[in-house]
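In our numbering, the protein residues as written are 450 to 1430.
Below you can see the structure in the form of structure tokens.
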């Protein structure tokens, strides 16, 4: 077997390769052991091994030697080739050490003003990774650093000139740094090893068969090796999916984004024409599918020769356009799950979209399916790594409540005690000490709160105190180190030491995740030893950046028939159903980016390939998968609320068959997806019958019902009786948020206090000339805690100053007209309801003025919204109306007598416009009478133990802020989603 071959995209590459190789050496099974097969990746090696087992049909067989060609660690195929000379090459530098050294170089790079271009150690590490990719690309393409120096004098902008000078410095110092360590870059080592192997095979051709299969020769060193193999006495190169049927005009018009471009470049490097490439022995796959792929990928220059394929060419294809990424993941999961209904059938999702892969993995959990994901899971998301992240974040935040609770509630956190005891103490710490305003930084502030808090049992206080003391002991060394500049290796040591005190050593480092994390941290510790210190506050970002590229794959326990592959891992592999997911522009194909270090003209001058070449490789992966027996194409039409752009290959498919979105008729391959997978996804979580639950209507006993209500509670009673039941009868109060900020309610209270103090200082008469200044001083006093932040002060203080001017002017005008202040912040009360079960209603009026003898005005200061006319007329804003009734009954404590007439006003004291606004309630006399009649009726009605406290009886007038909505479960009993209530 010798020569140049191809296996079409519509054929199972690995199975066809194994079948023919096995048949070739069936007469001498031992000779099969002399065959060396080189494949693109380790996964393709496993796939071919499994294909040999299928081809042998269970017969014991000595397999050929198989090794990966494309992996960075190339030692396996060197040894498999029977020539170990390349082992004399210097060893490759460890990736972590390489990144640390490059990050050190990047951190020293400054702009024209002397400022470092990397704003933090984490950013320096990320830029170092990009720099490493550029160095790898230069090594792959065989571009020397001397070429970089030549670009410095080119016609580029100043910042690019500066970048080129830095790269020239890297080009000078990086080889020296590697030489001092006796190392070379891994990619350079791989490239040298491949070129050396090609040279040795040319000098001493092996007499045993060598087959290179599945490679497109995208790298010069690989092309060199393939050129050597094809000339060997028993050398064969098997190309994936070369299109023999493409016309010559299209072949010559190929650009780097075309799937056949790489194969054309490879043949050119080999000095061969397409006609020199033979079809791999065997029966070709479906000619209709092959014709579909050829026409689908026809270059734009020859698209006038497009020939519409027969509809039968798409019988194996189904397309599902999904509304959202969530629906796409569910569609994919349903498609994969459906395959399992047929014994022995397999399915795989092929996608470069890691977010889609994670969503599909999660959706499959509903059927207790753990899918095999070739990319693995992010090590940073495993429990041991999240514990270290939570630990560092807690110390960095000076033990802020949110970060502190995240650490203490972590499942691995035990602090040398029982997990249940730690959780119990943590929950008490949460409820009793950490709610409300954020405490001062440090554990001492939390200890002070523990001493101030009210605990029912002294033992609870002791448990919480012990919890904080143990945490302080465990983190003291790390706290001290993170307060100033420190070296990364010292910080790593202190972090691990603290983690081993917070969690048990056995739990922290056991299992796949613990073992992988220990290995990674060991390598990082070695790599970052003797590196420059980083500034205080940079350790959290740097630690996260260190772990970002690390992944973990479980050794076992994944489903044997379902897989998730990246496009690279999917090469040469097949499943009975291939789902090609994430087919949107920017995902598949990927976005075209040149990287942060060089631009397009620089790449061109250096002889590097433009980013569009990656699109060509993605296109090759796409068409290879499209040739499978059954294919499902999926995409999400919207992501993050914004519309997405379909992949160019889906757009070509639509154009090829004359379909335009929204037009008719819809192609059958799209209708199949809508009828099956999309329809299933829409129905799977939607019940066939919906029987709503009854509205919550608790009926507490009469003795449990409140006998005293404030006017604000009466408003809650009116709008949402269930909310009053939950708060006053069950005693349920919403927890204050963690790290609460002073907000609108606090500003309103502070403003009320300032107004009250000002009026008490000047209860009558014309205000003094400096009244505005005096009022502003009161504002400074009462709003001080709310205006500490410069941004807050810049926004709110001008408003308060406008309010001060408006209020003083309005007050002087009222006093000049004879208005007299009767009381400020005055309490009042009255009793309603049946004599057997009276109800006392209490109020605190912001202000009561006497306009003339017997005529009062009750004023309510509003810094927020004012009740609408509709709410007042429907009696859903009872506060002022009830206070008026109390005034008419002589119910105010600080005011003698009764009011004959009461006027009601809202003063909008928000600082907008002129500073304030007076809104008088028209027709208040009639509204007060109606309100009293309603309250009397409600009091009598709720004095009956059979009267329920119904949830939201008037949905249109529900409370604006409802702490009990989650208990009322409105969505379970209302029909808001499907009609009127």
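Glycine residues also receive a C-beta, built at the ideal position from the N, C-alpha and C atoms. Owing to the predicted nature of the structure, the values given are computational and were not obtained by experimental measurement.
Check: Applying the criterion that 16 or more other CB atoms from any shown protein chain within 10 Å of the CB defines a buried residue, is residue 1069 buried or exposed?
Finding: Buried is the label assigned to residue 1069, since at least 16 other Cβ atoms lie within 10 Å of its Cβ.
Next item on the list: Kindly indicate which residue of 1296, 1319, 1302 has the alpha-carbon position closest to the one of residue 1311.
Entry: Nearest of 1296, 1319, 1302 to residue 1311, Cα basis: 1296.
Item checked: Collapsed DSSP secondary structure at residue 997 in the structure displayed -> It is coil, neither helix nor strand.
Notebook entry, point to check: Under the rule that 16 or more other beta-carbon atoms within 10 Å means buried, what is residue 1139, buried or exposed?
Noted result: Under this definition residue 1139 is an exposed residue.
Check: DSSP puts residue 1035 in a beta bridge; with which residues?
Finding: For residue 1035, which the question treats as bridged, DSSP gives the partners 1039.
Check: Going by DSSP, which residues form a beta bridge with residue 1432?
Finding: Outside the modelled stretch of the chain, which goes from 450 to 1430, sits residue 1432, for which no answer is possible.
Next item on the list: Report yes if the C-beta distance between residue 1133 and residue 820 is below 8 Å; otherwise report no.
Entry: Not in contact: residue 1133 and residue 820 (Cβ atoms no closer than 8 Å).
Check: Along the chain, where does the alpha helix (DSSP H) that runs through residue 447 open and close?
Finding: Since the displayed the chain opens at 450 and closes at 1430, residue 447 lies outside it and no answer follows.
Margin query: Assuming residue 1315 and residue 1357 are in contact, meaning their beta carbons sit under 8 Å apart, how far apart are those beta carbons, in whole angstroms?
Written below: That pair is a contact at about 6 Å.
Note to self: Rounded to whole angstroms, what is the Cα-Cα separation between residue 505 and residue 537?
What the structure shows: Cα to Cα, residue 505 sits roughly 38 Å from residue 537.
Checklist line | Of the residues 713, 776, 709, 728, the one placed nearest residue 1433, counting alpha carbons only | finding: Residue numbering for the chain in the displayed model covers 450 to 1430; residue 1433 lies beyond these limits and cannot be assessed.
Notebook entry, point to check: Can you list, in chain order, the stretches of the alpha helix (DSSP H) that have 4 or more residues and sit fully within the region 723 to 810?
Noted result: You should have 736 to 745, 774 to 788.
Notebook entry, point to check: What residue ranges within the region 1354 to 1400 form continuous beta strand (DSSP E) runs of no fewer than 3 residues, ordered along the chain?
Noted result: Taking only runs of at least 3 residues, the beta strand (DSSP E) segments lying wholly in the region 1354 to 1400 are 1366 to 1369.
Notebook entry, point to check: Is residue 1085 near residue 1033, with beta carbons less than 8 Å apart?
Noted result: Against a cut-off of 8 Å, the Cβ pair of residue 1033 and residue 1085 comes out as a contact.
Note to self: Taking a contact to mean a Cβ-Cβ separation below 8 Å, would you say residue 1195 touches residue 1231 in this structure?
What the structure shows: In this structure, residue 1195 sits away from residue 1231, with a CB-CB distance that is not shorter than 8 Å.
Notebook entry, point to check: If you drop the 5 nearest sequence neighbours on each side, which residues of the same chain put their C-beta closer than 7 Å to that of residue 1127?
Noted result: Shown here for residue 1127: same chain residues with a beta carbon closer than 7 Å to its own, the five before and five after excluded, namely 769, 771, 780 in chain order.
Check: Can you pull the DSSP bridge partners for residue 1413?
Finding: Under DSSP, residue 1413 shares a beta bridge with no residue.
Notebook entry, point to check: Mapping DSSP to helix, strand and coil, what is residue 1071?
Noted result: It is helical.
Next item on the list: Tell me, to the nearest whole angstrom, how far the beta carbon of residue 1322 is from that of residue 1354; I am working on the premise that it is less than 8 Å.
Entry: Actually they do not touch by this definition, with Cβ atoms about 17 Å apart.
Check: Any idea if residue 667 is buried or exposed, counting beta-carbon neighbours within 10 angstroms, 16 or more meaning buried?
Finding: Per the 10 Å Cβ criterion, buried.
Check: residue 977 by DSSP, collapsed to three states: which one?
Finding: Note: residue 977 maps to coil in three-state DSSP.
Item checked: residue 1083: first and last residue of the uninterrupted beta strand (DSSP E) it sits in -> In the DSSP annotation of this structure, the continuous segment of the beta strand (DSSP E) that includes residue 1083 starts and ends at 1080 to 1085.
Check: Using the rule of at least 16 other Cβ atoms within 10 Å of the residue's Cβ for burial, across every protein chain shown, is residue 814 buried or exposed?
Finding: With fewer than 16 neighbouring CB atoms inside 10 Å of its own CB, residue 814 falls in the exposed class.
Check: Considering only C-alpha positions, which residue in the set 829, 845, 752 is nearest to residue 995?
Finding: From the listed residues 829, 845, 752, the smallest Cα separation to residue 995 is found for 829.
Check: Looking at residue 788 and residue 1019, is the spacing between their C-beta atoms short of 8 Å?
Finding: No. Outside cutoff.
Note to self: Measuring straight from C-alpha to C-alpha, what distance separates residue 878 and residue 1179?
What the structure shows: Between residue 878 and residue 1179, the C-alpha separation is close to 23 Å.
Check: Buried or exposed: residue 479, going by 16 or more other Cβ atoms within 10 Å of its Cβ?
Finding: Exposed.
Check: Would you say the region 711 to 730 touches the region 741 to 757, given that touching needs at least three Cβ pairs under 8 Å?
Finding: A contact is defined here as three or more CB-CB pairs under 8 Å, and the region 711 to 730 fails this definition with respect to the region 741 to 757.
Notebook entry, point to check: To which residues of the same chain is residue 1236 closer than 7 Å at the C-beta, ignoring the five residues directly before and after it?
Noted result: The beta carbon of residue 1236 is closer than 7 Å to those of 1242, 1245, 1246 in its chain, skipping five residues each way along the sequence.
Margin query: Using the three-state DSSP reduction, which class does residue 703 fall into: helix, strand or coil?
Written below: In this structure, residue 703 counts as coil in the three-state DSSP scheme.
Note to self: Please tell me whether residue 693 and residue 748 are closer than 8 Å, where the distance is taken between their beta carbons.
What the structure shows: Not closer than 8 Å, so no.
Notebook entry, point to check: So what does DSSP say about residue 1028, is it helix, strand or coil?
Noted result: Look at residue 1028 here: in three-state DSSP terms it is strand.
Next item on the list: Count the other CB atoms, across all protein chains shown, that sit within 10 Å of the CB of residue 817; report buried if there are 16 or more and exposed otherwise.
Entry: Residue environment for residue 817: exposed (fewer than 16 other C-beta atoms within 10 angstroms of its C-beta).
Next item on the list: Please look up how many angstroms separate the CB atoms of residue 1432 and residue 1392, rounded, as I've assumed it's under 8 Å.
Entry: Here the chain has residues from 450 to 1430 only, and residue 1432 is not among them.
Item checked: Cβ neighbours of residue 1425 in the same chain (closer than 6 Å, five flanking residues each side left out) -> No answer about residue 1425 holds up, because its pLDDT of 44 lies below 50 and its placement is not dependable.
Next item on the list: Pick helix, strand or coil for residue 1296, following the three-state DSSP scheme.
Entry: Looking at residue 1296 - three-state DSSP - the assignment turns out to be strand.
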